[in-house]
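Residue numbers (my numbering): 1 to 159. Beta carbons are placed, not taken as given, at the ideal position from N, Cα and C, and that holds for glycine. If you're wondering where the values come from, they're calculated on a predicted model, not measured in any experiment. Heads up: the structure comes next, in structure tokens.
Here is the structure:
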């Protein structure tokens, strides 16, 4: 019973941490999307033409490697001409920082969605979960029969 409560607590803590991190990264990620959006669109267009997933990753990397410095240089130059050196320096720093923040935000957001779906799935068992639980019990019984002792401690309550 305490292991189950501990699991629920860990899941709630993970959700809270991911929610906080996602909220904290959001403004920086939005800046990254604005400053680096054209390269994201170009990478998406390039990968649509490449059939293999391995080569899609390579195409995205090459597109970003070639286009990001050009984009950041152009943005920095335009800002320098319009607002001066301090604004240009801030823009030059914001491009890479924003890109990394967007990647970090998206990773945490996807993990948060996956965690929420897992909680919903375990809260409302369906046939697949019921079958998985039954299969797990059958495997544990076979292990007990073969080894003579439980390899995994059984929970008294279902997941």
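Proximity to residue i [Cα-Cα], best of the options
| i | options | result |
| --- | --- | --- |
| residue 89 | 52, 75, 111 | 75 |
| residue 26 | 101, 123, 72 | 101 |
| residue 97 | 42, 7, 30 | 30 |
| residue 11 | 119, 77, 33 | 119 |
Alpha-carbon spacing of residue i relative to residue j, whole angstroms
| i | j | result |
| --- | --- | --- |
| residue 141 | residue 54 | 41 Å |
| residue 107 | residue 149 | 41 Å |
| residue 61 | residue 147 | 50 Å |
| residue 91 | residue 133 | 54 Å |
| residue 79 | residue 87 | 6 Å |
| residue 105 | residue 121 | 24 Å |
| residue 111 | residue 83 | 39 Å |
| residue 130 | residue 144 | 21 Å |
Three-state secondary structure (DSSP) of residue i
| i | result |
| --- | --- |
| residue 49 | coil |
Residue interval of the alpha helix (DSSP H) (run including residue i)
| i | result |
| --- | --- |
| residue 137 | 127-147 |
| residue 95 | 85-123 |
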